[in-house]
Amino acid sequence: MAARLNQGESTRTASSEIGPSVESSQVLVSATKRFHAGGPIELPVALELILDPACLFGSDGRIIGCNDAWRSGVIETPEVFAPSRWMERLHPSERESIKPRLTDAFVSARNFEADMRLRASTGEYRWHMLRVRVHTVRDGKPRFWLYTLTDIHARKLRKQDLARTIKLQAGMLDVSVDCVKVIQPNGRLSYMNRAGCIALGVDEHSGFGMEWLPLLGPEVKEVGEAALDDARRGLNARFPGLSCLPGAKPRHWDNMLTPLLSPDGGVEAILCVSRDITAQRESEERIAVLMGELNHRSKNQLSVMHALVRRTVPDTRAPWLRTLEQRITSIARSQDLLINGEWTGTTIYDLVVSQTAIAGDVLDERLLLQGDPDLRLHTGTAETIGLALHELTTNAVKYGALSNGSGHVSVRWSIQDGDGSPHLCIDWTESGGPPVKEPERKGFGSLIIERNPRVVSGAKVSCHYPPTGFVWHFEAPARSVLAG
Numbered sequence: 009m010a011a012r013l014n015q016g017e018s019t020r021t022a023s024s025e026i027g028p029s030v031e032s033s034q035v036l037v038s039a040t041k042r043f044h045a046g047g048p049i050e051l052p053v054a055l056e057l058i059l060d061p062a063c064l065f066g067s068d069g070r071i072i073g074c075n076d077a078w079r080s081g082v083i084e085t086p087e088v089f090a091p092s093r094w095m096e097r098l099h100p101s102e103r104e105s106i107k108p109r110l111t112d113a114f115v116s117a118r119n120f121e122a123d124m125r126l127r128a129s130t131g132e133y134r135w136h137m138l139r140v141r142v143h144t145v146r147d148g149k150p151r152f153w154l155y156t157l158t159d160i161h162a163r164k165l166r167k168q169d170l171a172r173t174i175k176l177q178a179g180m181l182d183v184s185v186d187c188v189k190v191i192q193p194n195g196r197l198s199y200m201n202r203a204g205c206i207a208l209g210v211d212e213h214s215g216f217g218m219e220w221l222p223l224l225g226p227e228v229k230e231v232g233e234a235a236l237d238d239a240r241r242g243l244n245a246r247f248p249g250l251s252c253l254p255g256a257k258p259r260h261w262d263n264m265l266t267p268l269l270s271p272d273g274g275v276e277a278i279l280c281v282s283r284d285i286t287a288q289r290e291s292e293e294r295i296a297v298l299m300g301e302l303n304h305r306s307k308n309q310l311s312v313m314h315a316l317v318r319r320t321v322p323d324t325r326a327p328w329l330r331t332l333e334q335r336i337t338s339i340a341r342s343q344d345l346l347i348n349g350e351w352t353g354t355t356i357y358d359l360v361v362s363q364t365a366i367a368g369d370v371l372d373e374r375l376l377l378q379g380d381p382d383l384r385l386h387t388g389t390a391e392t393i394g395l396a397l398h399e400l401t402t403n404a405v406k407y408g409a410l411s412n413g414s415g416h417v418s419v420r421w422s423i424q425d426g427d428g429s430p431h432l433c434i435d436w437t438e439s440g441g442p443p444v445k446e447p448e449r450k451g452f453g454s455l456i457i458e459r460n461p462r463v464v465s466g467a468k469v470s471c472h473y474p475p476t477g478f479v480w481h482f483e484a485p486a487r488s489v490l491a492g
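So the sequence shown is residues 9 to 492, counted in the working numbering.
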């Protein structure tokens with residue numbers, strides 16, 4: 009086939025006319041110009057410029073020429089094109105679909121393209137892309153067809169593997185009860201799993217493309233927009249959501265947005281995972297009701313205890329009775345704080361403010377607080393420290409810095425290093441009051457201040473009585489006293 013062929017003419021070698029020194033591109037241009045002018049074509053050289061197997065068929069079905077890749081490739085082409093032999097090479101499952109399409113292309117003189125599996129000499133079926141391009145003359149009649157075969161076996165297998173992986177991943181996401189969505193930076197949905205479609209009333213075969221935020225309802229529009237803006241800037245974001253479908257009860261959601269970054273660091277898409285927390289929210293509401301009821305009953309019990317004490321003692325004006333009542337009230341205040349904190353603890357700031365309230369309106373003027381306002385004590389420590397703070401305040405009002413009009417109390421708390429681990433330190437320091445000296449006799453109040461706080465694991469308590477004012481120091485490992 010290494011010859012220049014034209015219908016009705018004898019065969020001559022291409023090299024005898026073109027010469028070996030002519031560039032391939034020039035040969036192809038020259039051949040094309042000659043063909044359009046109705047002249048002969050230097051087919052061998054022109055076809056060899058095509059790397060894939062290529063073959064030209066005339067309008068009568070005869071081979072005009074083919075390149076070496078076609079001759080040595082997967083197809084053994086007969087001299088006269090025979091569709092029956094061609095089809096024998098096709099995978100059986102594709103013969104019935106390819107044949108009518110190929111026939112239609114010949115009849116209508118249209119280009120044709122298809123992926124197909126062809127049997128090689130080894131018996132293996134490999135994926136190829138068949139392209140058929142028709143060239144017509146001015147009257148519209150086809151002059152020849154150019155066939156090219158491209159081996160796409162590896163690419164096709166990768167594509168099939170990718171499709172299987174995508175299908176597997178989609179199946180895994182559809183099993184999840186969480187609503188999983190992929191959002192474009194412009195706020196439109198590009199994917200949502202089955203649980204998300206059901207929750208938001210979206211057809212899972214819709215193709216998506218709609219805006220995401222309007223699906224969530226007006227109640228969360230503002231916080232949702234803020235979270236989406238954060239994600240667009242490459243930040244993780246989180247916000248509570250609410251969905252209300254017709255005929256269904258409201259559902260609460262915890263929405264977590266994670267930006268998906270491109271290799272250059274830009275935000276390519278945003279992954280949103282929404283978890284249904286309706287049951288959790290309902291449980292929290294029930295717990296809040298129970299806690300409120302528990303607090304109410306506990307207060308009733310303290311009131312009953314208070315009444316029993318007053319009815320039991322012969323002299324209701326006895327000084328010790330008032331002290332006892334104040335201690336009972338101190339326990340009630342600590343309990344209020346713990347209830348409001350859902351028994352997860354309370355901040356040191358709130359505890360100090362509540363327990364020093366018996367001193368009157370002295371905060372910021374004579375009572376100076378210094379420390380992290382968000383530092384929280386867990387439940388057991390809060391009750392113990394709260395009772396000690398109440399006793400310290402009582403003593404300061406009776407005998408110490410708050411017993412005159414010029415004294416001050418400083419309460420300072422901080423985290424400091426102690427024995428190689430963080431320790432919580434609380435310091436109560438009085439100044440400006442009457443001269444101080446250590447009492448000769450210590451009563452029950454001293455036990456509450458000095459000994460009772462030591463029940464906390466690893467705690468140390470010290471009391472000092474310099475003339476300038478009483479000093480109380482509490483120290484304990486942070487892990488033993490702090491919540492969270």
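Ideal Cβ positions, reconstructed from N, Cα and C, are used throughout, including at glycine.
In this structure Cys252 is exposed. Its beta-carbon is surrounded by fewer than 16 other beta-carbon atoms within 10 angstroms. Unbroken beta strand (DSSP E) stretches of 3 residues or longer found wholly inside the stretch 136-207: 150-159, 187-191, 197-200, given in chain order. Non-local beta-carbon contacts of Cys433 in its own chain, meaning distances under 6 Å to residues more than five positions away in sequence, involve Ser422, Gln424, Glu483 in chain order.
Contact annotation, Glu438 with Gly394: C-beta distance approximately 19 Å; criterion of less than 8 Å not satisfied.
Between Val417 and Tyr473, the alpha-carbon positions lie close to 14 Å from each other. The C-beta distance from Val405 to Ile457 rounds to 14 Å, too long to meet the 8 Å contact threshold. Of the candidates Gly274, Pro271, Asp284, the residue whose Cα lies closest to the Cα of Phe247 is Asp284. In the same chain as Ala235, and ignoring 5 residues on each side of it, the C-beta atoms closer than 6 Å to its own belong to Ala245, Phe247, Leu265, in chain order. Per the C-alpha coordinates, the member of His99, Phe120, Cys205 positioned closest to Gly131 is His99. CA-CA distance, His481 to Lys468, rounds to 8 Å.
Around the beta-carbon of Pro61, 16 or more other beta-carbon atoms lie within 10 Å, marking it buried. Taking 8 Å as the upper bound for CB-CB distance, Leu385 and Thr364 are not in contact here, some 16 Å apart. Between Ala409 and Gly441 a beta carbon distance of about 4 Å is seen, short of the 8 Å cut, so the two are scored as contacting. Under the 8 Å Cβ criterion, the stretch 176-193 does not count as touching the stretch 127-142, having fewer than three qualifying pairs.
At a Cβ-Cβ threshold of 8 Å, Asn263 and Ser282 count as neighbours. Between Pro267 and the set His260, His398, Glu276, Arg125, the nearest pair of CA atoms involves Glu276. Taking 8 Å as the cut-off, the Cβ atoms of Cys63 and Tyr155 count as close. Within the stretch 233-321, the runs of beta strand (DSSP E) that reach at least 3 residues and sit entirely inside it are, in chain order, 245-251, 259-269, 275-284. Apart from sequence neighbours up to five positions away, the residues of its chain that approach Ser184 with a beta-carbon distance below 7 Å are Asn201, Ala203, ordered along the chain. By the criterion of a C-beta distance shorter than 6 Å, Thr286 is surrounded in its chain by Arg259, His260, once the five residues flanking it on both sides are discounted. Spanning the alpha carbons of Ser80 and Thr158 requires a straight line of approximately 14 Å.
Counting along the chain, no alpha helix (DSSP H) covers Ile71; the unbroken beta strand (DSSP E) around it starts and ends at 71-74. For the 8 Å CB-CB criterion, Trp135 and Phe65 do not form a contact. Annotation for Trp436: Leu400, Val419, Trp480 place their beta carbon closer than 6 Å to its own, counting only its chain and skipping 5 residues before and after. The three-state secondary structure of Ala409, taken from DSSP, is helix.
In this chain, the beta strand (DSSP E) harbouring Thr437 covers 429-439. The shortest CA-to-CA distance from Gly274 to any of Arg163, Glu219, Leu243 is the one to Leu243. In the DSSP annotation of this structure, Ser418 is not part of any alpha helix (DSSP H); the continuous beta strand (DSSP E) holding it starts and ends at 416-426. With 16 or more other Cβ atoms from the protein chains shown falling within 10 Å of its own Cβ, Asn75 counts as buried. Each of Leu197, Met124, Pro193, Glu391 was checked against the Cα of Asn460, and the nearest Cα belongs to Glu391. Cβ contact annotation for Ala162 (same chain, cutoff 8 Å, sequence separation greater than five): none. The criterion of a C-beta distance shorter than 8 Å is not satisfied by Leu197 and Glu227. Looking at Ala122, Leu170, Leu208, the one whose alpha-carbon comes closest to that of Asp186 is Leu208. In the structure shown, Thr355 adopts extended strand secondary structure according to DSSP, grouped into three states. Following the DSSP letters along the chain, one finds Asp112 inside the alpha helix (DSSP H) bounded by residues 100-116.
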